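Residue numbering for the sequence shown follows full-length UniProt numbering, starting at 1 and increasing by one per position.
In this text, a Cβ means the ideal position worked out from N, Cα and C, and glycines have one as well.
Computed from a prediction, not measured in an experiment: that's the story for all the values here.
Beneath this line is the structure, given in structure tokens, with notes to follow.
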Amino acid sequence: MANHRIEAPDNLDFESYINNYQGRTRINRALFIAQHCDSLEIEAYKFALNEIKETTKNVKQYKKCVEALNLALRKQNLEPIELDQDWITNTKKDNKARLEQLDAALKTYKNSLIKESIRVTQTGLGDFYFSCGENGAALKNYIRARDYCATSQHVLEMCFNMIKANLEEQHYTHVQTYIARAESTSNLADRPEMMAKLKCYQALALLKGSEPKKFYLVANTLSQIAFDAQPGEVLSPNDVAIYGGLCALASFDRRQLQELITNNATFKNYLELEPQIREMILAFCESKYAASLELLQGYRNDLMLDLYLCEHVDTLIQQIREKAMVQYCVPYSSVDMHRMAAAFNISVDQLENDLISLINGDHGRIEARIDSNRKILCTKRPELRKKVFKQALDAGDNYELAAKALMLRMNLLKADMIVR
Numbered sequence: 001m002a003n004h005r006i007e008a009p010d011n012l013d014f015e016s017y018i019n020n021y022q023g024r025t026r027i028n029r030a031l032f033i034a035q036h037c038d039s040l041e042i043e044a045y046k047f048a049l050n051e052i053k054e055t056t057k058n059v060k061q062y063k064k065c066v067e068a069l070n071l072a073l074r075k076q077n078l079e080p081i082e083l084d085q086d087w088i089t090n091t092k093k094d095n096k097a098r099l100e101q102l103d104a105a106l107k108t109y110k111n112s113l114i115k116e117s118i119r120v121t122q123t124g125l126g127d128f129y130f131s132c133g134e135n136g137a138a139l140k141n142y143i144r145a146r147d148y149c150a151t152s153q154h155v156l157e158m159c160f161n162m163i164k165a166n167l168e169e170q171h172y173t174h175v176q177t178y179i180a181r182a183e184s185t186s187n188l189a190d191r192p193e194m195m196a197k198l199k200c201y202q203a204l205a206l207l208k209g210s211e212p213k214k215f216y217l218v219a220n221t222l223s224q225i226a227f228d229a230q231p232g233e234v235l236s237p238n239d240v241a242i243y244g245g246l247c248a249l250a251s252f253d254r255r256q257l258q259e260l261i262t263n264n265a266t267f268k269n270y271l272e273l274e275p276q277i278r279e280m281i282l283a284f285c286e287s288k289y290a291a292s293l294e295l296l297q298g299y300r301n302d303l304m305l306d307l308y309l310c311e312h313v314d315t316l317i318q319q320i321r322e323k324a325m326v327q328y329c330v331p332y333s334s335v336d337m338h339r340m341a342a343a344f345n346i347s348v349d350q351l352e353n354d355l356i357s358l359i360n361g362d363h364g365r366i367e368a369r370i371d372s373n374r375k376i377l378c379t380k381r382p383e384l385r386k387k388v389f390k391q392a393l394d395a396g397d398n399y400e401l402a403a404k405a406l407m408l409r410m411n412l413l414k415a416d417m418i419v420r
């Protein structure tokens with residue numbers, strides 16, 4: 001998956017897309033697109049290069065980006081660019097001076113035991129190393145600031161710094177740890193923009209984790225983000241709709257999906273930003289499975305260029321497809337596979353293979369048998385009448401046992417045969 005390449009996206013406009021983000025994620029997403037999309041490679045590398053020079057002090061990343069851009073230019077027989085030696089020299093000089101200044105200030109404040117100044121300087125060192133791309137050193141300094149946090153605001157600031165640096169290092173367990181710590185601080189509920197950022201980080205950590213129900217948890221998390229909070233550091237408002245909508249489509253039942261698109265006023269606003277996601281969900285709820293899956297498949301190339309979602313795209317598509325087939329079969333005791341194949345816009349042979357997988361899979365998604373000659377799927381219906389009788393008999397047996405036990409106790413008490 002890491003080496004997949006997309007010749008050209010179907011709907012993605014790079015400039016509009018990248019302008020939805022703030023901070024480091026603009027660089028990360030631009031580089032990811034450059035590495036995985038032929039048609040946007042040069043444009044994305046050039047954007048990342050300018051962003052690195054304007055917003056960071058990361059000389060190493062700048063050089064690597066120039067090297068990658070020149071390789072892309074040569075592939076298209078275009079003139080390579082030269083390294084900006086002035087920027088490199090000045091940045092190295094500034095970095096050295098800034099580091100010396102911060103180290104000297106920290107030493108002075110520690111000698112004077114000025115806690116707030118120590119915290120600010122320790123955080124400043126973390127920010128400096130983070131800007132230079134030295135995330136390990138940044139984490140060490142951010143964590144040292146923890147001992148000097150005197151207010152809930154200080155704790156929140158420290159938590160967000162630890163979250164962003166751990167996310168860069170792909171330490172997703174640590175991301176969740178500091179999210180939990182941030183959520184435990186006072187007055188967080190009064191700051192929707194902070195809550196929105198935490199929920200975005202939480203969704204990414206869940207998506208990258210191994211939780212079996214992670215798609216459900218991601219959808220549930222993102223559906224709670226206030227629309228006016230406007231997240232943007234790691235996920236854009238459009239991403240909230242895309243990630244939340246697709247994960248919901250893969251994991252929510254029909255009632256939950258209808259609730260999401262009709263009664264969740266907050267998430268409905270996000271879906272307005274991505275109408276194709278809303279149309280997918282509506283078509284699915286209306287049992288128009290072929291239309292829903294066609295929309296999803298037509299959006300696949302764009303999704304494969306998403307930094308965090310790409311590795312889950314095919315899994316999501318497969319789960320949504322399997323879920324649609326299961327729901328199609330629910331109302332029927334027997335299903336004409338020719339009609340079902342037409343409803344899903346696939347061949348009967350392909351449908352048969354898919355149904356066999358659903359019947360014989362680890363979880364047995366469909367309890368049924370296939371008549372391969374007549375192309376009929378016969379579902380196994382539980383005998384509800386027998387089940388009700390069994391429940392009634394079991395209830396009677398339990399009542400009889402309880403009554404006998406009570407009578408025995410009464411007789412023992414009457415005979416004064418009790419343990420004192």
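Determine the contact status of Ala229 and Ile277, defining contact as a CB-CB distance below 8 Å.
Contact flag unset, no.
If you draw a straight line from the alpha carbon of Pro237 to that of Trp87, how long is it in whole angstroms?
The straight-line gap from Cα to Cα measures roughly 34 Å.
Per DSSP, residue 478 is paired with what?
Nothing about residue 478 can be reported from this structure: the residues present for the chain run from 1 to 420 only.
Inter-residue CB distance, Lys164 and Ala250 (contact presumed, cutoff 8 Å)
With a beta-carbon spacing of about 28 Å, Lys164 and Ala250 fall beyond the 8 Å limit used to define contacts.
Can you check whether the CB of Tyr142 is closer than 8 Å to the CB of Thr121?
Inclusion of Thr121 and Tyr142 in the CB contact set at 8 Å is not warranted, their separation being larger than that value.
So if DSSP puts Val335 in a beta bridge, which residue, or which two residues, is it bridged to?
DSSP lists Leu377 as partners of Val335.
Counting only the same chain and skipping the five closest in sequence on each side, list residues whose C-beta sits under 7 Å from that of Phe47.
Closer than 7 Å at the Cβ level, and outside the excluded window around Phe47, lie Ile18 and Ala30.
For Ala2, which three-state DSSP category applies?
Bear in mind that a pLDDT of 49 at Ala2, under 50, signals an unreliable position, so the number given afterwards is only what the model happens to contain. Ala2: coil per DSSP, three-state reduction.
Can you tell me whether Pro9 is buried or exposed, with buried defined as 16 or more other CB within 10 angstroms of its CB?
Label assigned to Pro9: buried.
Please name the residue in Asp94, Leu125, Lys96 and Asn95 whose C-alpha comes closest to that of Lys107.
If we check each option's Cα against that of Lys107, Leu125 comes out closest.
Taking DSSP's pairing of strands, which residues face Cys285 in a bridge?
Answer is none; Cys285 lacks a bridge partner.
Does the region 335-354 come close enough to the region 276-290 that 3 or more CB-CB pairs lie under 8 Å?
Touching, yes, given that three or more Cβ pairs across the two stretches are closer than 8 Å.
Please confirm whether Gly136 and Asn58 have their CB atoms less than 8 Å apart.
No, the pair does not count as a contact, with Cβ atoms beyond the cut-off.
Between the CA atoms of Gly245 and Met304 - distance to the nearest angstrom:
Roughly 16 Å separates the two Cα atoms.
Cβ-Cβ separation, Ala182 to Leu188 (assumed contact under 8 Å), whole Å
That pair is a contact at about 7 Å.
Is it right to say Ala2 is buried, meaning 16 or more other beta carbons lie within 10 angstroms of its own, or is it exposed?
For Ala2, the predicted structure reports a pLDDT of 49, less than 50, and the residue's modelled location is therefore unreliable. The matter cannot be settled from this model.
Per-residue DSSP class, three states only, for Cys37:
In the three-state reduction of the DSSP assignment, Cys37 falls in the strand class, which pools E and B.
Look at residue 456 and Ser334 and say whether their C-beta atoms are less than 8 Å apart.
Outside the displayed span of the chain (1 to 420) sits residue 456, for which this structure offers no information.
Shortest alpha-carbon distance to Arg119 belongs to which of Asn111, Phe130, Ala138 and Ala150?
When each option's Cα is compared against that of Arg119, the closest is Ala150.
Give me the residue from Glu157, Arg98 and Glu169 with the minimum Cα distance to Ile179.
Between Ile179 and the set Glu157, Arg98 and Glu169, the nearest pair of CA atoms involves Glu157.
Sub-8 Å separation of Met337 and Lys375 beta-carbons:
Cβ atoms of Met337 and Lys375: closer than 8 Å.
Quick one: grab the DSSP three-state call for Gln318.
Three-state DSSP puts Gln318 in a helix.
Secondary structure, alpha helix (DSSP H): runs of 4+ residues fully inside the region 36-84:
Counting only unbroken stretches of 4 or more residues, the alpha helix (DSSP H) elements lying wholly within the region 36-84 are 41-55 and 59-75, in sequence order.
To the nearest angstrom, report how far apart Asp103 and Tyr109 are at their CA atoms.
When rounded, the distance between both Cα atoms is 10 Å.
State the Cα-Cα distance for the pair Asn301 and Asn95, rounded to the nearest angstrom.
Cα to Cα, the separation comes out at about 40 Å.
If you measure between the beta carbons of Ala42 and Leu69, is that distance less than 8 Å?
Note on residue identity: the sequence assigns Ile, not Ala, to residue 42. For Ile42 and Leu69, yes; Cβs fall inside 8 Å.
Would you mind reading off the limits of the alpha helix (DSSP H) that contains Val348?
First-last of the alpha helix (DSSP H) with Val348: Val348 to Asn360.
Considering only their Cβ atoms, is the gap separating Ser131 from Thr25 smaller than 8 Å?
No.
In three-state terms, what does DSSP make of Pro275?
In the structure shown, Pro275 sits in a helix (DSSP, three-state: H, G or I).
Tell me the residue span of the alpha helix (DSSP H) that contains Thr151.
Per DSSP, Thr151 belongs to no alpha helix (DSSP H) and is neither H nor E.
Close Cβ partners of Val66 (< 6 Å) along its chain, the five nearest in sequence each way excluded:
Closer than 6 Å at the Cβ level, and outside the excluded window around Val66, lie Leu83.
Looking at Thr221 and Ala248, is the spacing between their C-beta atoms short of 8 Å?
No, the pair does not count as a contact, with Cβ atoms beyond the cut-off.
Limits of the unbroken alpha helix (DSSP H) element including Glu183:
Glu183 -> alpha helix (DSSP H) spans Tyr172 to Glu183.
Beta-carbon proximity of Met162 to Leu139, cut-off 8 Å
Contact flag set, yes.
Is Gln202 helix, strand or coil by DSSP?
Note: Gln202 maps to helix in three-state DSSP.
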